[in-house]
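Visitor:
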Amino acid sequence: MSTFQAPTGTRDVVAPESARFAAVVGRFAERARLAGFGLVVSPMFEDVAVFRRTAGEESDVVKDEMYEFDDKGGRRLALRPEGTASVVRAFVQHRPPVPWKAWYVTPAFRYERPQAGRYRQHHQVGVELLGTPDPAADVECIGLLAGFLHACGIHRFELKVNSMGDANCMPGYKATLVDYLSAHEGELCEEHRARWRRNPLRVLDCKKPACATVRERAPRLSGALCDPCRHHFDAVLSGLDALGLAWRQDDTLVRGFDYYTRTTFELGSLALDAAQNALGGGGRYDGLAEQLGGPATPGVGFGCGIERVLLAAAAEGALSEVTGRVDAFVIDLSGGAGALELTSRLRAAGISADRAFDGRSLKAQLKAADRSGARLACIVGPDELAAGTVTVRVLTGQQAGQQETIDREALVGRGKELLAVAGRPAGGTP
RNA sequence: GUGGCCGUAGCUCAGUUGGUUAGAGCGCCAGGUUGUGGCCCUGGAGGUCGGGGGUUCAAGUCCCCUCGGUCACCCCA
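In the numbering used here, the protein residues as written are 370 to 799.
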């Protein structure tokens, strides 16, 4: 047990897992770029009001999960618990032309008890699309999320969608729901008997048997949508159909933040046994920019948890080919000059290469080469140094153990040939 | 915030009703092979037994507290 450890609920992501972590981010970045989203990097902490105003005072995240602190200037700040609020704040501050399409990768902080797939610092990738109420924007976001998961080798997931209505129809539904709940107050679970007045929608989400029974007979959100919301939702659903994405409407999908209007969605893994199986989720937040002091601007987006994606990928046996191994390992018995030259030469040609340090024995260096997972060992001893050659030894696959001594100038060309035989092109897997 | 289980080497773990210098496997280092990895053999390094307090002639072992891990509730990514 070391003296210092990562704080409770946090962890170090190190190789080889970090190679998969990087691959997940890379694949998301690629999908986002292909869809015309630009990267936004915003601070990891904000005036605490940014989160209070948007997530809602009553949300669990704001109530008791935020990392809040005062800086030396007396400002009340909070580490971001999620990505959307900061990005929308950035939008309001800079007022870029709309539609504004931004993607991000960021840590997110919530003070919770850690458990499988849940950390106090986790990481999310996500997008926000601001400036259009078009249901096609909702579909684009959902499609991007699903496509990204497929790109990570994750196929066993379920897409849940719902519509929360808007400022026109939601208040009416809430009133109906409140009437209904007040008539059945005694049947609610202990927690919601005390809390339902402050956040009636939450009852729909409660998993306790008592609330479930009440919920069964509660007035349906889907039946209360106004015509524009109904049409918007229908357009989203038919867009998903057009993309070939299977979906399931879930009236209880209310989600944890207060800012959602109309569309909400969540993608849950079917391969994870753990209780934490939500991979990503989001929705539309047409009033959010205005709440942050900007012009009324519709928007839609999602966040997706990288740790959860890694868990789901592992459960489906995906991303196992991403190892971070190098292509070649240079072994030097000539005093160091050979390794210096050859690693540079290989790397410049796009062949990843590692080497040993400390002038160890040939046996030790070959062992290190073996452990590195490199397919090729490039050996430079006194003989090769004098002759201007290099001995290339194949370490893996059917040709393991074969070696040839070639001219040093031919190393890059021959190396690429040998690597291609293994079906592993130089440079490794992104 | 609530509850269950668990903390012994880098990792996975053993350690008897409390009893001498705390062990194994894997991993690591070196040698067996003065230029050849994986398999094998030999040797070596590596431990405040999570931390603190208590009981006892004696604590890895029993008690209390604490920290950490893990799983679940809650909530979410």
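Heads up, the beta-carbon is just placed ideally off N, CA and C, and yes, glycines get one too. On a predicted model such as this, the values are computed, not experimentally measured, just so you know.
Since T501 and V467 should fall inside the 8 Å C-beta cutoff, what is the C-beta to C-beta distance between them, to a whole number of angstroms?
Guide: Residue mapping note: residue 501 aligns to position 132 of the first sequence, counting from 1. Residue mapping note: residue 467 aligns to position 98 of the first sequence, counting from 1. Yes, T501 and V467 are in contact; Cβ-Cβ is about 7 Å, under 8 Å.
Visitor: Closer than 8 Å by C-beta to K543: which residues in its own chain qualify, once you throw out the five before and the five after it? Chain order, please.
Guide: By 1-based counting over the first sequence, the position of residue 543 is 174. Excluding residues within five positions, the ones whose Cβ falls inside 8 Å are P569 and L570.
Visitor: Bridge partners of Y473, per DSSP?
Guide: Residue numbering aside, residue 473 sits at position 104 when the first sequence is read from its first letter. Beta-bridge pairing links Y473 to G495.
Visitor: So the candidates are R380, S428 and R458; which of them puts its Cα closest to the Cα of Q484?
Guide: Residue numbering aside, residue 484 sits at position 115 when the first sequence is read from its first letter. With distances taken between Cα atoms, Q484 lies closest to R380.
Visitor: With 16 other CB atoms within 10 Å as the buried threshold, where does D776 fall?
Guide: Position 407 of the first sequence holds residue 776. By the neighbour-count rule (16 or more Cβ atoms within 10 Å), D776 is not buried but exposed.
Visitor: From what residue to what residue does the alpha helix (DSSP H) around T712 run?
Guide: Counted from its first residue, the first sequence places residue 712 at position 343. First-last of the alpha helix (DSSP H) with T712: A706 to A717.
Visitor: Nearest to L679 by alpha carbon, out of G486, A401, S551 and V474?
Guide: As a working note, residue 679 is residue 310 in the first sequence. Closest option to L679, Cα to Cα, is G486.
Visitor: DSSP on S689, reduced to helix/strand/coil?
Guide: As a first step, residue 689 must be located in the first sequence, where it is residue number 320. Coil, per DSSP.
Visitor: Can you tell me whether E451 is buried or exposed, with buried defined as 16 or more other CB within 10 angstroms of its CB?
Guide: Stepping through the first sequence from its first residue, residue 451 is reached at position 82. When all chains shown are included, E451 counts as buried.
Visitor: Kindly list the residues whose CB is nearer than 8 Å to the CB of S741, restricted to its own chain and excluding five residues on each side of it in sequence; keep chain order.
Guide: Taking the first residue of the first sequence as 1, we reach residue 741 at position 372. Around S741: R694, V695, F698 and D723.
Visitor: So, does the segment 520-528 touch the segment 606-617, judging by three or more C-beta pairs under 8 Å?
Guide: The segment 520-528, when compared against the segment 606-617, does touch it at the 8 Å Cβ threshold.
Visitor: Any idea what DSSP makes of R487, helix, strand or coil?
Guide: Against the first sequence, residue 487 aligns to sequence position 118. Strand, per DSSP.
Visitor: Look at the alpha carbon of A384 and the alpha carbon of F390, and state the distance between them as a whole number of angstroms.
Guide: If you number the first sequence from 1, residue 384 lands on position 15. If you number the first sequence from 1, residue 390 lands on position 21. Whole-angstrom Cα-Cα distance: 9 Å.
Visitor: Could you name the residues of the same chain whose beta carbon sits closer than 7 Å to that of L657, not counting the 5 residues immediately before and after it, in chain order?
Guide: On the first sequence, position 288 is the one that residue 657 refers to. Excluding sequence neighbours, L657 sits near T423, V457, Y628 and G668.
Visitor: Is L745 closer than 8 Å to V763 when the C-beta atoms are compared?
Guide: Counted from its first residue, the first sequence places residue 763 at position 394. Counted from its first residue, the first sequence places residue 745 at position 376. It is a contact, given that the beta carbons lie within the stated cut-off.
Visitor: Quick one: what's C558 bridged to in DSSP?
Guide: Counted from its first residue, the first sequence places residue 558 at position 189. None, per the DSSP bridge assignment.
Visitor: DSSP state of T545, grouped into three classes?
Guide: Residue 545 sits at position 176 when you count from the first residue of the first sequence. Helix.
Visitor: Report the residue from I511, L788, R677 and N537 whose alpha carbon sits nearest the alpha carbon of R599.
Guide: As a working note, residue 599 is residue 230 in the first sequence. Cα-wise, what sits closest to R599 is N537.
Visitor: Considering only residues of the same chain and omitting the five flanking positions on each side of T633, which have a CB-CB separation below 8 Å?
Guide: Counted from its first residue, the first sequence places residue 633 at position 264. Around T633: V530, N531, S532, M533, L622, V623, R624, G650, G651, G652 and R653.
Visitor: Out of Q768, T774, E773 and E778, point me to the one whose CA is closest to A789's CA.
Guide: As a position in the first sequence, residue 789 is number 420, starting the count at 1. Taking only the C-alpha atoms, the option nearest A789 is Q768.
Visitor: Taking the alpha helix (DSSP H) that R396 belongs to, which residues open and close that run?
Guide: For this step, residue 396 is matched to residue 27 along the first sequence. Start and end: E386 to L403.
Visitor: Does E659 come out as helix, strand or coil in the three-state DSSP assignment?
Guide: Counting from 1 along the first sequence, the entry for residue 659 is found at position 290. Of the three classes helix, strand and coil, the one that applies to E659 here is helix, per DSSP.
Visitor: When you compare only the Cα positions, how much space is there between D548 and L641?
Guide: Here residue 548 refers to the residue found at position 179 of the first sequence. Here residue 641 refers to the residue found at position 272 of the first sequence. Approximately 38 Å, taken between the alpha carbons.
Visitor: Taking the Cβ atom as the reference point for each residue, do S638 and A681 lie within a distance shorter than 8 Å?
Guide: The residue labelled residue 638 in the question sits at position 269 within the first sequence. The residue labelled residue 681 in the question sits at position 312 within the first sequence. Yes. Within cutoff.
Visitor: Alpha carbons only, please: which of C595, S730 and E659 is nearest the one belonging to M539?
Guide: The residue labelled residue 539 in the question sits at position 170 within the first sequence. Ranking C595, S730 and E659 by Cα distance to M539 puts C595 first.
Visitor: Compare the Cα-Cα distances from T712 to each of L735, G728, R464 and I748 and report the closest residue.
Guide: Stepping through the first sequence from its first residue, residue 712 is reached at position 343. Nearest option by C-alpha distance: I748.
Visitor: Look at the alpha carbon of G784 and the alpha carbon of S387, and state the distance between them as a whole number of angstroms.
Guide: One-based indexing of the first sequence puts residue 784 at position 415. One-based indexing of the first sequence puts residue 387 at position 18. Cα-Cα distance, rounded: 27 Å.
Visitor: Would H491 be called buried (16 or more neighbouring beta carbons within 10 Å of its own) or exposed?
Guide: Within the first sequence, the letter at position 122 stands for residue 491. Per the 10 Å Cβ criterion, buried.
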